[in-house]
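Enquirer: Order-wise, the sequence lines are chains R and Z. According to our numbering, the residues represented by the first sequence are 1 to 263, in order. According to our numbering, the residues represented by the second sequence are 1001 to 1263, in order. Cβ coordinates follow ideal geometry from the N, Cα and C atoms, glycine included. Given the structure is predicted, the values throughout are model-derived calculations rather than measurements. Have a look at the structure that comes next, please.
There are 2 protein chains.
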Amino acid sequence: MGHTIKRDLMPMIKNSIQTKPPSGNVPAFSPLYRQIKTLLIDQLDAGEWSAGEMIPSEAELAQRFNVSQGTVRKAIDEMAAENLLVRRQGKGTFVTTHEDPASFFRFLRLAADNGEPVLAQSQPLGCTHIVADARVANAIDLPEGAPVVHVQRLLEFDGAPVVFDDIWLAGELFSTLTLEQMQTWKHSLYRLFESQFGVCMVRAEEHLRAVPAIAETAHHLGVAVGTPLLSVERVAYTYGDKAVEWRRGLYSTARHHYVNILG
Amino acid sequence: MGHTIKRDLMPMIKNSIQTKPPSGNVPAFSPLYRQIKTLLIDQLDAGEWSAGEMIPSEAELAQRFNVSQGTVRKAIDEMAAENLLVRRQGKGTFVTTHEDPASFFRFLRLAADNGEPVLAQSQPLGCTHIVADARVANAIDLPEGAPVVHVQRLLEFDGAPVVFDDIWLAGELFSTLTLEQMQTWKHSLYRLFESQFGVCMVRAEEHLRAVPAIAETAHHLGVAVGTPLLSVERVAYTYGDKAVEWRRGLYSTARHHYVNILG
DNA sequence: AAGTGGTCTAGACCACCGT
DNA sequence: CGGTGGTCTAGACCACTTG
């Protein structure tokens, strides 16, 4: 037969793990540290610790889960590599937050051609509560007709408009979002979502293509109709790989470019 | 004073590491496993093991470097995370190769809109040995006027042209590259570079923008002049962060898109 | 069975941060 | 100083591959 972890973690949770026997031909063996990682992610998802907060020390977690510190360490290592946690030597381990300077506009891969650091300013244009059409429903895994919030906004770099965004958000999580709220907010949208709605974006997937500017977009970005624009479609995920946002950004790449590092 | 590692690695190499005292206000402390990682990368760079080959076992390396297996393991962990090495349980640890199916067109982020897997075919159009102009020289860190190889080629997906590439290579490394050689080659260019020139691309940085098609490109890609194309400029690096290639690809995104995962 | 990487432990000590 | 993460060790045992 198969590979099961027989170790007890915490008495109260030991039954929640490793329940699946090696069914079919999928081994489904999960080492202790990965089970612990899963537990920690569940606790993040449940809001046990909020963004920016310190989680318990490795020693404490080791005791709590009844494993060695090295095992906890390996779980945290993986989570730090996925940007879920941030380790700070001498201080502790913290939940990654978009409030952290290092995470300002963490998912915005635009850079100025002249190399100067970009300072983005968000200019909200609209916020309407509607229902999901097929395309949006499919992107963020909702039934068609489910409530969604549609946001339009302009991103300006040094006062010049560079990105026009259409954003759709899962309605349940953002039912109270208003245009005024965004207009008085001075930081990134993800920082707003995190601090006001408790929704922290941790991962995203983008699809890029080149498209001609249509009249409305051309107007907002101050370019001629037909100007090639970079279309960036993004699905963003919170803890537990839940898709909660779909957006399409149209980037004017006259003086900026999209940067990507290939490992 | 400061932090120096006092451990002897190998007798023959112990003098090569940790020579810098904590000058200025830079601690410059390097843990053992990172010193070992540097040594291993140097050996990869020197061709000690070629792409696809198995490197010595962790136990052997531990003995060779006079450290514990766990320390070697941590060095290899980092290298595996950077795609320099691939671990295979029960078999060994191997140098990452573009011959591996998982690495075919490893840096090509194009996907078909309909979700079907893409099968790329390279169509070489030209190969000339010239000297570097300022732009190319700057990109791959050569003096202006240094020899470079200029390659033009078309990438076809299912017979349809999708990418037009202009590629510049460091001349010293590819002095014997010919058009015929590429025309008879059935696989990716990076696989050719690796197996015929011993140059393995391990990392790249891309800058993307949207541009209108000019006449020549439009002709090659079968689109109208002015059609928005995705311009992808790439600098590719071998071991030791040496830039050896600069290219600009023009992607027709009518039926394909560029995929990017944001961690 | 022998050899490889993968997991887990227990403990020592170091580097860094705050008080 | 005590608490945190960071490094390193030595050894046991597990999982996977090959002969």
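In whole angstroms, give me the CA-to-CA distance for R/A254 and R/V162.
Expert: Taking the straight line from one Cα to the other gives about 9 Å.
Enquirer: Would you mind telling me which residues of chain Z sit closer than 9 Å to R/V67, beta carbon to beta carbon, in chain order?
Expert: By Cβ distance, chain Z contributes nothing, its closest Cβ being about 17 Å from R/V67, past 9 Å.
Enquirer: For the pair the segment 230-244 of chain R and the segment 1239-1251 of chain Z, tell me if three or more CB-CB distances fall below 8 Å.
Expert: In short, these stretches do not touch, since the Cβ pair count stays below three.
Enquirer: Going by beta carbon distance, what residues of the same chain come within less than 6 Å of R/S50, once the five residues before and after it are set aside?
Expert: Excluding residues within five positions, none has a Cβ falling inside 6 Å.
Enquirer: Would Z/N1066 be called buried (16 or more neighbouring beta carbons within 10 Å of its own) or exposed?
Expert: Per the 10 Å Cβ criterion, exposed.
Enquirer: With a threshold of 7 Å between beta carbons, is Z/E1267 in contact with chain R?
Expert: Since the first residue of chain Z shown is 1001 and the last is 1263, residue 1267 of chain Z is not available in this structure.
Enquirer: Considering only DSSP beta bridges, list what R/I167 is partnered with.
Expert: Answer by DSSP bridge pairing, in chain order: R/V151 and R/R247.
Enquirer: Taking the alpha helix (DSSP H) that Z/R1034 falls in, what are its first and last residues?
Expert: Segment L1032 to D1045, the alpha helix (DSSP H) holding Z/R1034.
Enquirer: Which residue marks the beginning of the alpha helix (DSSP H) containing Z/H1220, and which one marks its end?
Expert: First-last of the alpha helix (DSSP H) with Z/H1220: A1215 to L1221.
Enquirer: In the DSSP assignment, find the unbroken beta strand (DSSP E) run with R/T238 in it and report its ends.
Expert: Element bounds for R/T238: P228 to T238.
Enquirer: Helix, strand or coil for Z/A1254? Go by DSSP, reduced to three states.
Expert: Note: Z/A1254 maps to coil in three-state DSSP.
Enquirer: Could you list the residues in the segment 88-120 of chain R with a C-beta less than 7 Å from some C-beta on chain Z, going in chain order?
Expert: Going along the segment 88-120 of chain R in chain order, one finds F107 with a Cβ nearer than 7 Å to chain Z.
Enquirer: Using 10 angstroms around the beta-carbon of R/L119, count the other beta-carbons present and answer buried if the total reaches 16, otherwise exposed.
Expert: Classification for R/L119: exposed.
Enquirer: R/S195 to R/H219, Cα distance in whole Å?
Expert: R/S195 and R/H219: Cα-Cα distance of roughly 32 Å.
Enquirer: Assuming the contact rule is C-beta atoms closer than 8 Å, R/L179 and Z/Y1258 should be a hit. Round their C-beta distance to whole Å, please.
Expert: Contact flag wrong, Cβ pair sits at about 32 Å.
Enquirer: Quick check: R/P124 and R/R87, are their CB atoms within less than 7 Å of each other?
Expert: No, the pair does not count as a contact, with Cβ atoms beyond the cut-off.
Enquirer: Since R/I214 meets chain Z, which of its residues come closer than 7 Å, beta carbon to beta carbon?
Expert: The contacting residues do not exist; R/I214 stays about 12 Å from chain Z at best.
Enquirer: Starting from R/A210, find everything on chain Z with Cβ-Cβ shorter than 7 Å and list it in chain order.
Expert: Under the 7 Å cutoff, chain Z gives A1210, P1228, L1229, L1230 and T1253.
Enquirer: For the structure I just gave you, are there three or more beta carbon pairs, one from the segment 1168-1177 of chain Z and one from the segment 1143-1150 of chain Z, closer than 8 Å?
Expert: With the cut-off at 8 Å, the segment 1168-1177 of chain Z and the segment 1143-1150 of chain Z touch.
Enquirer: Where does R/Q121 sit, in a helix, a strand or coil, going by DSSP?
Expert: The answer is strand: DSSP assigns R/Q121 an E or B state.
Enquirer: Would you decide whether Z/S1252 is buried or exposed? Buried here means 16 or more other CB atoms lie within 10 Å of its CB.
Expert: Buried, by the Cβ-count rule.
Enquirer: Could you check the C-alpha separation between R/V72 and R/P56 for me, to the nearest Å?
Expert: If I take the Cα positions, the gap works out to 11 Å.
Enquirer: Z/K1186: which of Z/Q1089, Z/E1099 and Z/E1060 sits nearest, CA to CA?
Expert: Cα-wise, what sits closest to Z/K1186 is Z/E1099.
Enquirer: Report the rounded CA-to-CA distance for Z/A1215 versus R/G126, giving the unit in angstroms.
Expert: If I take the Cα positions, the gap works out to 40 Å.
Enquirer: Got a sec: is the Cβ-Cβ distance from Z/L1262 to anything in chain R below 7 Å?
Expert: Cβ-Cβ to chain R under 7 Å: yes for Z/L1262.
Enquirer: On the three-state DSSP scale, how would you describe R/I140?
Expert: If DSSP states are grouped into helix, strand and coil, R/I140 belongs with coil.
Enquirer: For R/D165, does the count of other Cβ atoms within 10 angstroms reach 16, so buried, or fall short, so exposed?
Expert: When all chains shown are included, R/D165 counts as buried.
Enquirer: For Z/V1259, return the contacting residues in chain R, with the cut-off set at a CB-CB distance below 9 Å.
Expert: Per Cβ cutoff of 9 Å: E205, E206, H207 and L208.
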